[in-house]
Structures are given as C-alpha cells and as structure tokens.
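Shown next, in structure tokens, is the structure this report addresses.
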Amino acid sequence: MHLASFIVRRLLQLIPTLLFILIVVFVLVRLLPGDPASAILGDRALDADVERINRELGLDRSLPVQFAVFAKSVATGNLGNSIHLKLPVAELIAARLPITILLTVMAALIAVLFAVPLAFVAALRRGRAADSVVRGAFQVGLSMPVFYLGLILLTVFGARLGWFPVGGYGDGFLDHLYHLFLPALTLALSLSAILMRNLRAAIIGVIDAEYVQFARAKGLRPRLILSRHVLRNALISTVALFGLSIGTLLGGAVITETVFAIPGAGRLMVDSIYGRDYPVVQGLTIALAVLVSLTFLLTDLVQAWLDPRVAR
Amino acid sequence: MKFLSAAALSAAILLGSHVSALALDRGGVMTYGRYTDSLFLDPVLNDANVDIWVMNNIYETLINPTDDGLGLQPGLATEWTLNETGDAVTLKLREGVKFSDGTPMTAEDVVWSLDRARNPENGIWNFLLASVDAVTSPDPQTIELKLKYPDPTILSALSVFNSAVMPKAAFEAMPGDTDKAKAEEFAKKPIGTGPFMLESWDRGATMKLVKNPNYWDQGEDGQPLPYLDGLTFEIIPDDATRILKLQSGDIEGAEFIPFARVAELKADPNINMELFPGTRVWDVIINVRPELDGKPNPLSDEKVRQAMNYAANKDALVQVVTYGVGTPLSSFMSSTTPMHSGDGPLFPYDLEKAKSLMAESGFPDGFKTSILTIAGNQDDLGITTALQQMWKEIGIDLEIRQVDNASRTEQYRNGTFEMRTGGWTNDIADASQITSYFAYSPTIDALHSGWKNEEVDKLFEASQKEMDTAKRAEQFARIQEIFNATGPTIPLYETPYPVALGKNVNGFIQIPLGNNIFRETWLAK
Amino acid sequence: MTDVTTPMMAARRRRVLPRPLIFGATILLASAVVAVFPAQVAPYDPNAFDYGALLQAPTSAHPMGTDNFGRDVLSRVLHAYTIDMQIAFFATVFPFLFGTVVGALVGYAGGWAEVIFGRIVDAVITFPFLVLVIAIVSVLGPGLVNMYIAVGVVGWVFYARIIAAEVRVQKRLDYADAGRAMGYTHARIIFVHLLPNAITPAIVYWMTDMALAILLGSSLGYLGLGAQPPAAEWGVQIADGKNFMATAWWISVFPGLAIVLTGLGFSLTGDGLAELLRTKR
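Chains as they are written, first to last, in this note's numbering: chain A, 197 to 508; chain B, 179 to 703; chain C, 18 to 298.
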C-alpha cells in the first residue's frame with residue numbers, strides 16, 4: 197500500500213505541473229508573431245482570407261476565452277483538431293508519439309550498454325591508459341553536435357557502406373528497429389557520455405568509501421564487493437540522472453528526427469510551432485508532460501527498489 | 179507528356195537498350211521523396227503548393243495545361259468553345275469517364291464541382307472563377323458557363339486545380355454539417371477521376387497511391403494508364419538525406435534538389451538530374467512607403483532602388499546561389515509565363531552607375547537597412563549574404579534577419595518590413611495572377627510594398643476584360659515596362675524545378691506551374 | 018580507519034593538478050586567445066568573397082579550403098571562436114548566478130518554497146529544452162542576445178536544483194546550527210557559510226554547461242536562429258556546408274572539429290576541477 201500511495205501522490209503532483217506548463221505554452225505560442233492562417237497561406241495571404249480563417253478557428257476571441265474553451269474541451273477528453281492537417285490531435289499523437297518513444301528507449305538502451313561496462317573499466321583502472329582512452333572518447337562524444345554526428349553516420353553507414361537504411365521509419369516492428377538504429381545511436385552518444393562520467397565518479401566514490409575499504413581490508417573478494425556495494429549504489433545515481441536526461445533526449449530527438457526523416461513527435465512539435473498549429477502544440481505538450489512524468493515516476497520506483505531509503 | 183515519353187523512347191532507342199518503340203515496362207511502385215507532406219487534399223479548400231502540386235494525380239480538371247505551361251489541352255472535356263463576346267463557354271465532356279470508386283462521372287458532378295469551386299465562401303481560389311454567373315448542363319455531355327463579363331482567363335481558369343471534378347453523391351454522403359466538415363472527411367480518402375487513388379496516408383511519413391483501375395486513358399501500348407501499379411510519396415525534409423536515399427536506391431525520385439548539388443548529381447551515372455522549366459522567380463521585395471516606423475524611408479527613393487539594382491550582380495548571384503542553374507530575370511514574371519515581355523537581363527551589373535545614382539539620390543552617404551529571410555533556408559542565406567557584400571560598395575549596411583515563415587508573413591502583411599526575399603510560382607497559365615499580386619495595388623498593395631502606379635492599375639483592370647489577345651499582350655507589355663523600371667523589387671533570377679530521378683524512371687514531368695505528373699511514368703525493369 | 022589509504026589516492030594527492038585539468042585548461046586558454054585576437058591569428062578577412070576561389074579544397078594558401086563564396090574556412094573557424102566562446106560564457110553565466118542565488122534561498126527556506134520550486138523544475142524538465150528555446154527565440158526574434166535570454170529563462174533551473182540539494186544537506190550539518198545559535202542573519206548563513214560549501218557541484222556543472230551551450234548555440238545557428246550572417250559561427254558554418262558534404266566536406270567538417278575540441282576543453286576542465294575539488298575537500 198505504501199507503494200500505491202507513493203504512485204498516487206506523484207500522479208496528483210502532475211496536475212498542477214501540467215496546468216502550469218499548459219498556460220505557459222498556451223500563451224507562448226500565441227505570442228509568436230503571425231497566426232495559423234498567415235503561416236499556411238504565406239505570401240499569397242489576402243487579409244480577407246486570413247480574417248475568415250481566424251474567425252473559423254475562434255482565434256478572434258480574447259485569450260482567456262480561448263483558454264477556457266480549450267480547457268473545457270481537454271477536460272472532456274477532446275484535444276481538438278489540427279489546423280493544418282485537419283485531423284484530431286489525439287489521432288496524430290497516437291501515430292507519432294510511439295515512434296519518438298521507441299527512438300528514445302532504443303537510445304537509452306544503447307547508452308546504457310555503452311556506458312556501464314566502460315564506466316567500470318575506467319573506474320577500476322583509474323588513472324591508467326584504459327581510463328584515459330575511455331574518458332577521452334566519451335568526452336568527444338559529449339562535445340559532438342547531434343546534427344553533425346547524424347549527418348556523418350548517415351553518410352558513412354547509410355549511403356557509403358549501405359549497412360543501414362538512409363532515414364525513414366520502415367514497415368513492421370523489426371523494420372522500425374532497423375531504421376531507428378542509426379538515429380538511436382546518434383542520440384545515445386551524448387547521453388552515454390553523461391551517464392559514463394557520472395557512473396565512473398559514482399563507482400569511484402563507492403570504492404573510496406570507508407565501508408568498502410573496510411570490506412576490502414576484511415578480505416572480502418573484490419567481485420563480491422563490486423556486485424554487492426558498488427554496482428547497486430552506482431546504479432542509483434545513474435537511474436536518477438537517466439530520468440533527468442529524458443528532456444534532453446526528447447530535445448535531441450527533434451533534430452535527429454529531422455536529419456533521419458523520422459515522422460516522430462519531436463518533428464511534429466517543431467513543425468507545429470512553425471505552422472502556428474496551436475492545438476497540436478498544446479496537445480503534444482500535454483502528452484510529453486505525461487510521458488516525462490511517467491518516466492520520472494518509473495525512475496523513482498527503480499531507485500526505491502534499488503535503495504529503499506529513497507521512497508521516504 | 180506525349181512528347182516527353184516519345185523523346186525518352188527515342189533516346190532509349192539511340193542507346194540501343196530497347197529495340198521496339200513499344201518497349202516500355204508496366205508495373206512496379208515508384209517511391210518519390212518529397213520535402214514535406216501534403217496537408218489537405220481538397221481541390222477547393224486547400225491553400226498550399228504541397229497539395230496543389232500532387233493533386234492532379236487524384237483529381238482532374240476539364241481542361242489541362244500543356245506540358246510547356248503555355249497552352250491548353252483536353253482533360254475531362256474533349257473540346258470547348260468560347261463565344262465571340264467572351265462571355266459564354268461550352269464544353270463537351272469526355273465519354274465513359276469513371277471515378278476511382280467505379281461510379282460514372284456525370285454532368286451533374288461537373289456542375290456541382292464548379293459551383294462549389296466558385297462559391298465565394300469556399301477557400302481562397304474562388305476568385306479564379308469570379309466571372310462565372312451560372313453553370314448549366316443542357317444535355318448529359320455538355321456543360322455551359324455563362325459569364326457576368328468577358329473573361330480572357332476563363333479557359334486557363336478551368337485548367338486550375340480548384341475546378342477539378344469531384345463525385346457529388348460521395349462527397350455529400352460524408353458526415354458533417356458544413357461543406358468544410360464534409361471536405362475534411364472526404365479528403366482523408368479522396369475519390370477522383372485521376373490515374374491514381376489514395377490507398378493510405380501516414381501523415382508526415384508516407385502517402386501511398388495506387389493505380390486507379392477505372393482510369394479512362396490508354397498508354398502507348400494500348401492498355402489503360404497509368405503504367406505504374408503504385409506511387410508512394412515519402413516525406414524526407416532534410417535535403418541531404420533525401421539525396422542519400424535516392425543514391426542508395428531506396429527511392430526512385432527526389433524533388434527540390436538544392437542547386438548546390440545539381441552539378442554533382444548530373445555527373446552521377448545512376449541518376450538522371452532533371453531541370454524542368456518552372457515559373458519560379460526570385461526577387462527582393464522592398465518596402466517603398468515614404469516613412470517606416472516614423473522615420474523617412476530611404477528605400478522609397480527611386481534612385482536608391484535603381485542604385486541597389488545596378489550594384490546587385492545577378493550573374494554572380496546565379497553562380498554563387500544557383501550554381502549556374504538560374505537565369506537572370508528579364509521581367510518580374512518568368513519567361514515561361516504567357517505574355518512575358520523583355521529580352522535582356524534587368525539592370526545589368528554596373529557599379530559605377532550604381533555609385534553615381536547613389537550620389538544623386540537623397541542618401542549619398544548610404545544608410546542602414548535590413549532584410550527578412552527564412553531561418554535555415556540556404557538559398558535565402560546565399561542571396562542575402564552576397565547582397566550584403568555587394569551593397570557595401572554603395573554604402574548600404576544590410577542587416578540579415580532570419581525569422582520563421584509565419585513571422586515574416588506577419589511583418590509582410592503589416593507592411594513593417596524593410597526588405598524581404600521573395601519567391602513566386604504561378605498557379606495559372608496566365609500573366610494575370612502574378613501581375614495582380616506584384617503590380618496591381620488593390621490586391622495586396624503590390625507585394626505589400628506600398629508601391630502604386632495609376633497607369634498600371636488601369637491597364638491591369640483593362641487586361642482582365644480584353645478578349646483580343648494581341649491588345650492584351652500590349653497591355654501586359656506596358657505594365658512590365660513600368661514595373662521593371664520603377665517597381666518595388668530587385669529582380670534576381672528565374673529557376674527551373676530541380677528533380678533527381680533514378681535511371682530507370684521514364685515519362686515523369688513537372689510542368690512549369692509545378693504539378694508533378696506521374697500519369698505516364700514507368701519504371702524500366 | 019582513516020589510515021586505510023590506497024596507493025592510488027596517495028599518488029593523486031601528490032600530484033598538484035589533475036591531468037584532465039591541465040589538458041582542458043590549455044585548450045580553453047588557447048581558445049580564449051584566439052577568441053580575443055582572431056584578426057591577428059586568421060590569415061584572411063573571414064567575410065571577404067573570392068569569386069575566383071569558390072569551393073577550393075585545402076591547400077597551403079587555404080589550409081581548410083574555401084566555402085561557396087570563396088571565403089577562407091580557416092579564417093572563419095578562427096573568427097568563430099569569438100562568437101562561440103561568447104555563447105559559452107554568456108549563455109551560462111546568468112543562469113549560473115541567478116540559479117545559485119535562487120537555489121540557495123530555496124534550499125535554505127525549504128517548506129513551501131521548495132514545493133513551488135519543485136513544480137517549476139518539473140515543468141521545465143518536462144518540456145524538451147531545445148523546443149522551448151526555439152519557441153522563445155521565435156517570439157523574441159533571432160540573434161545572440163535573444164538566444165541568451167531564451168537559454169537563461171530555462172537554464173537557471175538546473176543550477177538552482179543542484180545548489181538547493183546541496184544547501185539542504187549542508188544546513189543539516191552542525192555549523193549551520195551553530196551559526197543560527199550565534200544569531201547570524203539568514204543571509205550571512207546562506208551566503209557566507211552554506212554557499213561556499215555547496216557551490217562546488219554547480220561550478221563543475223557550469224563547465225559541462227558551457228560545452229552544452231556551444232552545442233545549443235551551434236544547433237540554433239544551424240537552424241538559423243542563433244548568430245546572424247555574415248558572422249562566422251561554427252553551427253552556421255556546418256549548415257552552410259551541409260549541402261556540400263559529398264563534394265566539399267571541408268566546409269562543415271572543420272567547424273565541427275572546432276566544436277568538439279572546444280567542448281572537450283570545457284568538459285576536461287570540468288572533470289579535472291571536480292577531481293581537484295574532491296581531493297581538496
């Protein structure tokens with residue numbers, strides 16, 4: 197029951213956060229110069245057409261009224277229709293968000309697969325050549341712009357060598373995984389660098405900690421120390437960091453999705469901001485907020501499982 | 179198009195790869211990489227080129243533009259006559275045309291479609307049919323248009339996408355109370371008479387079209403068109419990725435190849451780099467209002483604008499920005515527009531003349547000004563970076579401001595910009611549309627520049643009712659003469675549509691108005 | 018138990034400066050010199066067109082080749098140091114200062130301040146950072162100053178979060194209680210006693226953040242929302258050369274390497290600093 201109340205409390209906390217974000221985003225997108233009509237009509241926009249379209253969309257009303265209308269429809273489970281695509285926003289999100297989630301999950305897995313073993317190598321061989329090589333490599337990864345890395349991977353492994361498809365999303369689950377591998381790798385590199393650095397520091401911290409020194413002095417086998425103390429404690433901070441990185445990861449997905457031509461939610465968000473497609477921006481904001489909050493919740497639960505003291 | 183496939187075939191014969199003139203291959207699915215997805219596949223209510231340029235594969239009009247964009251050819255109507263006074267059109271409908279769902283196209287569908295297209299409540303294109311007073315069908319194979327006044331553009335207007343024929347019954351059966359609501363439903367699974375029909379549409383990712391089994395026309399082999407079994411549009415916004423996918427054979431064609439890559443792709447033996455003549459013109463639009471933001475506007479000085487024009491080296495721009503693909507403009511409208519006039523490049527580069535014009539102007543010491551461009555657009559960036567350097571020579575300090583499209587449109591419509599980059603493509607094979615936007619002040623203040631010329635306005639109004647082609651051409655010639663000399667633009671260059679195709683692709687064409695035509699496209703096996 | 022010391026720890030104590038710090042600081046120092054005196058280092062005017070030398074591959078006259086306007090890529094890369102180092106500093110210093118103060122206050126006050134702050138943190142990390150910055154820059158208009166504002170509006174939260182957590186720990190320690198017992202003002206306790214002890218992780222993060230700021234700045238430059246032409250900026254240069262990857266790779270590749278090198282400088286410095294401060298503590 198303790199766990200259940202923890203989850204419920206966290207979900208309730210989401211409501212004010214969501215409201216806050218929604219108001220900020222609602223105002224922000226309307227502060228953007230121009231409106232959906234001029235965004236879509238562009239140079240051919242005639243005043244009469246722009247006015248007519250804005251009237252049809254209810255954009256001639258005051259902001260508080262617009263917000264009330266929007267809040268009311270959200271409360272009844274209706275996110276509205278996309279202005280440009282003429283589709284229900286919920287339908288769009290259902291089509292696009294899973295792609296971004298899959299991309300992000302793959303990137304996270306790849307990042308962990310890279311970071312964990314290398315962090316151990318670096319930490320246990322601290323100060324030696326292996327440590328320097330690993331740290332150097334990851335620091336380069338951390339400093340590598342996503343758009344630059346993506347372009348290079350695409351050119352080399354996609355076009356030159358033909359090992360991977362050059363962008364796109366494919367048909368069927370396995371094909372999706374195949375298509376998403378390079379973009380996920382692109383996205384994973386900087387995350388794995390952050391994870392690696394943190395994990396290495398955490399492992400060193402634990403190794404240097406007095407209780408481990410003590411265990412070692414007592415003659416406990418290093419392998420046992422590693423699995424019993426070091427791994428668990430180091431993972432706790434990694435999981436926490438991981439939760440925090442989700443926003444960065446989603447931000448990186450925006451650029452990755454563009455470079456690799458993946459029809460995900462990140463690209464939809466930026467397109468909708470540029471297109472002043474207010475309902476889509478708002479709906480996606482809600483969806484992303486819920487997604488990120490659930491990720492936080494999940495990482496908190498994993499942390500609590502690893503270290504019962506966390507779930508106060 | 180007939181011409182093109184014949185040319186492609188004779189080329190094939192010369193190369194010896196095919197012996198028979200009928201050696202074309204049927205079947206297969208072609209994947210075409212587009213830079214962005216369509217939005218709304220309704221001929222009447224759409225408002226963007228991304229829809230207009232592909233819709234002809236699904237819906238068809240009574241009259242079609244010819245492949246060179248200058249003339250007209252039969253579409254769903256086999257013949258037509260415009261009466262002598264120019265206020266009535268009679269069209270003969272093609273027999274045996276069916277919609278993709280198998281129902282026959284009737285005169286009732288045509289009348290309803292044209293009435294919907296000209297309804298002033300519907301969309302932004304109804305102005306094209308503004309002269310129409312009534313559409314009737316005296317017999318099942320005949321359509322009559324009665325006009326309010328003589329309209330020299332009416333036949334061209336009937337070849338524009340918004341007058342495409344849709345099935346009335348199927349449309350009206352859609353859920354929804356308003357035309358708009360029904361259209362939004364209908365456009366999810368459109369039904370037309372075109373060579374293809376929509377099978378599935380994954381927004382922002384892929385649009386899959388398949389062969390319309392009921393298509394009325396036949397190919398060179400005597401079998402029904404289209405040759406392709408299917409046509410898939412894949413959305414690949416990044417230019418570099420789109421090209422890589424073509425090179426790796428994932429797709430068979432890619433639109434909007436950056437000019438910088440044209441030469442390289444021309445040299446690629448596996449790729450057919452096409453430059454289809456377009457109506458695309460590039461210019462800088464100048465706000466010529468006497469005051470801007472409460473201060474006197476140096477750009478309102480005609481001498482200053484002429485100096486800027488002479489100092490802008492268009493040949494250099496063509497080289498640096500379009501890599502030789504473009505041609506300096508000889509008028510504000512493209513040379514592919516009917517009634518275009520002008521034979522030499524406008525304001526050939528002459529720095530001395532530019533300097534002396536500046537010295538004679540009200541701003542001999544130069545001034546600071548700005549230009550709005552679309553963020554991330556490499557063509558815009560190339561043009562403005564080069565102009566920045568060129569105008570430095572005559573004392574003009576140009577600040578480049580990169581904004582998104584909606585922000586730019588906002589400042590444009592409010593008339594608060596100083597300068598902006600501009601691009602234009604005709605939607606109709608006639609000089610009137612571009613002239614109305616560029617030069618005729620009542621439409622949008624001549625590109626929102628605040629420029630106004632009484633003579634131009636009068637000439638344009640006259641041209642809209644002038645049925646004598648020669649006289650009309652004279653009117654447009656005079657408009658172009660005035661606008662080109664004193665207008666609110668720096669005319670730069672015109673460009674073709676750069677499309678890269680796989681070597682196995684034949685019979686594809688993009689016409690000057692921009693429409694992508696896959697009707698007679700086939701893939702060599 | 019205090020006498021349990023590994024040989025490695027002893028070695029580390031003996032060495033005065035950690036190696037990453039030496040490498041990192043050297044890179045940063047060199048970068049700073051170039052950033053201040055680009056014209057002295059660069060062989061050409063970074064904005065001068067040369068129509069006779071378009072898209073030239075690297076030669077001895079142009080070690081990094083020329084771009085599509087015939088501009089010298091090396092000179093542009095060097096001049097870009099001025100802008101990119103500025104971005105690294107200005108995009109992070111205000112968030113660092115503001116975030117530190119807010120974080121210290123929040124961590125010290127606890128209670129409602131912490132609850133409200135928690136919601137703000139949630140809100141900020143919930144929305145993709147880059148998307149938010151793009152939206153804010155679109156409202157304010159493109160350019161460096163507006164980019165700093167956009168980054169600052171969001172970025173302070175991360176510093177505040179780190180400081181708040183540290184202060185929360187520190188204030189439970191004895192000396193804070195002692196300070197309160199001696200009747201010091203809250204401000205004195207926060208800024209004289211707690212903050213100096215809490216600020217280390219924030220400084221380390223600052224270094225990483227400067228590397229991230231260069232990435233963000235160049236991403237926005239790449240999208241056209243950062244530095245405005247003709248200014249040379251690495252992200253802008255990469256975007257300029259994007260279409261030439263197959264034919265003139267040098268336009269994009271060298272600025273990309275400059276980003277990586279500078280980022281490496283910041284991140285090594287941060288690493289070394291963390292190590293140094295840890296051993297000092």
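Beta carbons are placed, not taken as given, at the ideal position from N, Cα and C, and that holds for glycine.
{"Check": "Counted within 10 angstroms of its Cβ, other Cβ atoms place asparagine 450 of chain B as buried (16 or more) or exposed", "Outcome": "buried"}
{"Check": "Contact with chain A by arginine 243 of chain C, beta-carbon distance below 9 Å", "Outcome": "Reading the sequence as shown, one finds glycine at residue 243 of chain C and not arginine. No, because no Cβ of chain A sits closer than 9 Å to the Cβ of glycine 243 of chain C."}
{"Check": "Residues that proline 282 of chain B bridges to, as DSSP identifies them", "Outcome": "B:Lys276"}
{"Check": "Given 8 Å, three or more beta-carbon pairs between the region 239 to 246 of chain C and the region 278 to 298 of chain C", "Outcome": "no"}
{"Check": "Min CB distance methionine 224 of chain C to chain E below 9 Å", "Outcome": "No chain E appears in the structure shown, which is made up of the protein chains A, B and C."}
{"Check": "Minimum Cβ-Cβ distance from methionine 392 of chain A to chain C less than 9 Å", "Outcome": "no"}
{"Check": "C-alpha distance - phenylalanine 343 of chain A paired with threonine 382 of chain A, whole-angstrom precision", "Outcome": "9 Å"}
{"Check": "Assigned secondary structure, leucine 260 of chain B (DSSP; H/G/I helix, E/B strand, else coil)", "Outcome": "strand"}
{"Check": "Three-state class that DSSP yields for glycine 448 of chain A in the structure shown", "Outcome": "helix"}
{"Check": "Proximity below 9 Å, CB of methionine 302 of chain A to CB of phenylalanine 377 of chain A", "Outcome": "yes"}
{"Check": "Residues near asparagine 234 of chain B by beta carbon distance below 7 Å, same chain, minus five either side", "Outcome": "Phe339, Gly372, Asn693 and Ile695"}
{"Check": "CB contact check: glutamate 588 of chain B to chain C, cutoff 9 Å", "Outcome": "no"}
{"Check": "Beta bridge counterpart(s) of aspartate 380 of chain B as assigned by DSSP", "Outcome": "B:Thr384"}
{"Check": "Threonine 495 of chain A - containing alpha helix (DSSP H), residue span", "Outcome": "474 to 502"}
{"Check": "Short CB-CB distance (under 9 Å) between serine 155 of chain C and chain B", "Outcome": "yes"}
{"Check": "Buried versus exposed call for aspartate 478 of chain B [16 or more other C-beta atoms within 10 Å across all chains shown]", "Outcome": "Residue identity check: residue 478 of chain B is serine in the sequence provided, not aspartate. So serine 478 of chain B counts as buried."}
{"Check": "Validate contact between the region 432 to 447 of chain B and the region 495 to 513 of chain B using beta carbons, cut 8 Å, 3 pairs", "Outcome": "yes"}
{"Check": "Cβ of proline 212 of chain A within 9 Å of any chain C Cβ", "Outcome": "yes"}
{"Check": "Extent of the continuous beta strand (DSSP E) run through serine 328 of chain A", "Outcome": "Element bounds for serine 328 of chain A: not the beta strand (DSSP E) but the alpha helix (DSSP H), 325 to 338."}
{"Check": "Integer Cβ distance of leucine 333 of chain B from tyrosine 210 of chain B, believed to fall under 8 Å", "Outcome": "With a Cβ gap of about 30 Å, leucine 333 of chain B and tyrosine 210 of chain B do not count as contacting."}
{"Check": "Beta-bridge pairing of valine 402 of chain A - partner residues as DSSP gives them", "Outcome": "Valine 402 of chain A pairs with nothing; no bridge assigned."}
{"Check": "Distance cut-off 8 Å: alanine 315 of chain A Cβ against heavy atoms of the ligand MN", "Outcome": "Questions concerning the ligand MN fall outside what the structure shown contains, since it holds no ligand whatsoever."}
{"Check": "Nonlocal neighbours in the same chain, by C-beta distance under 6 Å from leucine 336 of chain B, ignoring five residues either side", "Outcome": "Leu240 and Ile241"}
{"Check": "Host beta strand (DSSP E) of tyrosine 210 of chain B (start-end)", "Outcome": "207 to 212"}
{"Check": "Paired residues, beta bridge with aspartate 608 of chain B - DSSP", "Outcome": "Answer by DSSP bridge pairing: none, since aspartate 608 of chain B is not bridged."}
{"Check": "DSSP-derived helix/strand/coil call for glutamine 251 of chain B", "Outcome": "strand"}
{"Check": "Enclosing beta strand (DSSP E) for aspartate 338 of chain B [first to last residue]", "Outcome": "The sequence as given places valine at residue 338 of chain B; aspartate does not occur at that position. Neither: valine 338 of chain B is in no beta strand (DSSP E) and is coded neither H nor E."}
{"Check": "Contact with chain A by lysine 276 of chain B, beta-carbon distance below 9 Å", "Outcome": "no"}
{"Check": "Neighbouring residues, chain A, relative to glutamine 497 of chain B (Cβ below 7 Å)", "Outcome": "Those do not exist, as glutamine 497 of chain B stays about 26 Å from chain A at its closest Cβ, beyond 7 Å."}
{"Check": "Under 9 Å from the C-beta of phenylalanine 485 of chain A: neighbouring residues of chain C", "Outcome": "Note that residue 485 of chain A corresponds to alanine in the displayed sequence, not to phenylalanine. Per Cβ cutoff of 9 Å: Asp139, Ala140, Thr143 and Phe144."}
{"Check": "DSSP state of valine 110 of chain C mapped onto helix, strand, coil", "Outcome": "helix"}
{"Check": "Test: leucine 345 of chain A CB closer than 9 Å to a CB of chain B", "Outcome": "no"}
{"Check": "For glycine 628 of chain B and lysine 462 of chain B, believed in contact at Cβ under 8 Å, the rounded distance", "Outcome": "A small fix is needed here, since residue 462 of chain B is valine in this sequence, not lysine. That belief does not hold up - the Cβ atoms of valine 462 of chain B and glycine 628 of chain B are roughly 15 Å apart, past 8 Å."}
{"Check": "Reference leucine 427 of chain A, options A:Leu484, A:Leu502 and A:Ser388, closest by Cα", "Outcome": "A:Leu502"}
{"Check": "Residues within the region 407 to 423 of chain B neighbouring chain A, beta-carbon criterion of under 8 Å", "Outcome": "Glu412, Ile413, Ile414, Pro415, Asp416, Ala418, Thr419, Arg420, Leu422 and Lys423"}
{"Check": "Residues in the region 210 to 226 of chain B having any Cβ partner in chain A nearer than 8 Å", "Outcome": "Leu217, Phe218, Asp225 and Ala226"}
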